[in-house]
Amino acid sequence: MYADDHRPTHIHIVAADFQVAVRITDLRVIAGAARRAQIAEAMAWAAQHREMLALKWVELTERE
3 MYADDHRPTH
13 IHIVAADFQV
23 AVRITDLRVI
33 AGAARRAQIA
43 EAMAWAAQHR
53 EMLALKWVEL
63 TERE
């Protein structure tokens, strides 16, 4: 997650051989490509922490 990033609310999953952006609200890949197995662990973590991620997004992007 990057400060002052564009909408929709999303996180980035980055590895040596891929990069994807995942929408926080429904955990859908909205940019990039990776095999499901490559992002499975990060997606499971995001699913467990979705509320915290959404709150952090607001904190980082909607500040003045």
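Using the numbering used here, you'd call the opening residue of the sequence shown number 3 and step up by one each time. No residue lacks a Cβ here, since even glycine has one placed at the ideal position from N, Cα and C.
A residue is called buried once 16 or more other Cβ atoms fall within 10 Å of its Cβ, and Val16, having fewer, is exposed. When DSSP states are grouped into helix, strand and coil, Ile32 belongs to the strand group.
In the DSSP assignment, Val16 is bridged to Gln21. Residue burial annotation: Leu55 is buried, with at least 16 other C-beta atoms found within 10 angstroms of its C-beta.
Ranking Val24, Trp47 and Arg9 by CA distance to the CA of Ala36 puts Val24 first.
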